[in-house]
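Residue numbers (the working numbering): 279 to 487.
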């Protein structure tokens, strides 16, 4: 079985960890704040190994079609340039992280980070073969991003301890995970990576922290 720890040819893709999806936001995902420290562990490892990091964000116009006033199913959220659209302050994105804005047109929604963006081309240009995915929300933007990543031919490692679901309907999160794994995504946990590292590397990492 291939290692789940990041290696050359891998990239980290963080999906929509924005203020409006965290506690106090207009579309808060239950437990959404819990993904931040887990993703920060992943970010530290990817940064330490000089591996690419991409971060998607909803970047909606004020009259976006997904909003209730325009007949959509969501309250207004992640309006471009607003505080709600900003990444979580505690998320330790490195300066070199590539930010991918999606759902930027009033009449077109886009749950996937690949929909209407150049993400696939960017990943191929960086010679990425395997994509580690975490963020918000499991049953919408993570699900659709993973499905498109698989369609584009990338191997996907789904970070189970770094995703949370909206759960508009009970069980949506679990159903999304089942769908992603059935399509070929491999479920892993950031917490598993320590066990895969040589003891000397682990002790060195501990000293660095």
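C-beta atoms are modelled at their ideal positions from N, C-alpha and C, and glycine is treated no differently.
Fair warning: this is a prediction, and the values are worked out from it, not measured in the lab.
For residue i, which of the options has the nearest alpha-carbon?
i: residue 374; options: 363, 404 and 437; result: 404
i: residue 376; options: 370, 334, 362 and 297; result: 334
i: residue 445; options: 331, 437 and 454; result: 454
i: residue 466; options: 450, 388 and 441; result: 441
i: residue 358; options: 398, 338, 410 and 414; result: 338
i: residue 292; options: 422, 418 and 413; result: 413
i: residue 347; options: 327, 315, 385 and 408; result: 385
i: residue 410; options: 402, 427, 395 and 341; result: 427
i: residue 355; options: 298, 311, 349 and 430; result: 298
i: residue 469; options: 313, 303 and 306; result: 313
i: residue 491; options: 430, 443, 306 and 328; result: Nothing can be reported for residue 491, as the shown portion of the chain is limited to 279 through 487.
i: residue 443; options: 353, 306 and 332; result: 306
i: residue 308; options: 448, 458, 471 and 456; result: 448
i: residue 393; options: 302, 378, 432 and 402; result: 378
Taking all protein chains shown into account, do 16 or more other C-beta atoms lie within 10 angstroms of the C-beta of residue i, making it buried, or fewer, making it exposed?
i: residue 287; result: exposed
i: residue 380; result: buried
i: residue 425; result: buried
i: residue 366; result: buried
i: residue 282; result: buried
i: residue 330; result: buried
i: residue 285; result: exposed
i: residue 372; result: exposed
i: residue 362; result: buried
i: residue 342; result: buried
i: residue 349; result: exposed
i: residue 460; result: exposed
i: residue 326; result: exposed
i: residue 390; result: buried
i: residue 344; result: buried
i: residue 311; result: buried
List the DSSP bridge partners of residue i.
i: residue 501; result: Residue coverage of the chain in this structure runs from 279 to 487, which leaves residue 501 outside it and unanswerable.
i: residue 471; result: Beta-bridge pairing links residue 471 to no other residue.
i: residue 288; result: 408
Kindly indicate if chain D contains any beta-carbon less than 9 Å away from that of residue i.
i: residue 412; result: Judged by its chain identifiers, the structure shown contains no chain D, having just a single protein chain.
Query - Continuous beta strand (DSSP E) assignments of at least 3 residues falling wholly in the stretch 293-338 - result: Assignment of beta strand (DSSP E) within the stretch 293-338, counting only whole runs of 3 or more residues, yields 331-336 in chain order.
Report task. Take every Cβ of the stretch 292-301, pair it with every Cβ of the stretch 416-424, and state whether three or more of those distances are shorter than 8 Å. Result -> At 8 Å Cβ cutoff, the stretches touch.
Query raised in the report: Does the pairing of the stretch 425-440 with the stretch 306-320 give three or more beta-carbon distances under 8 Å?
Result: Verdict: yes, contact present.
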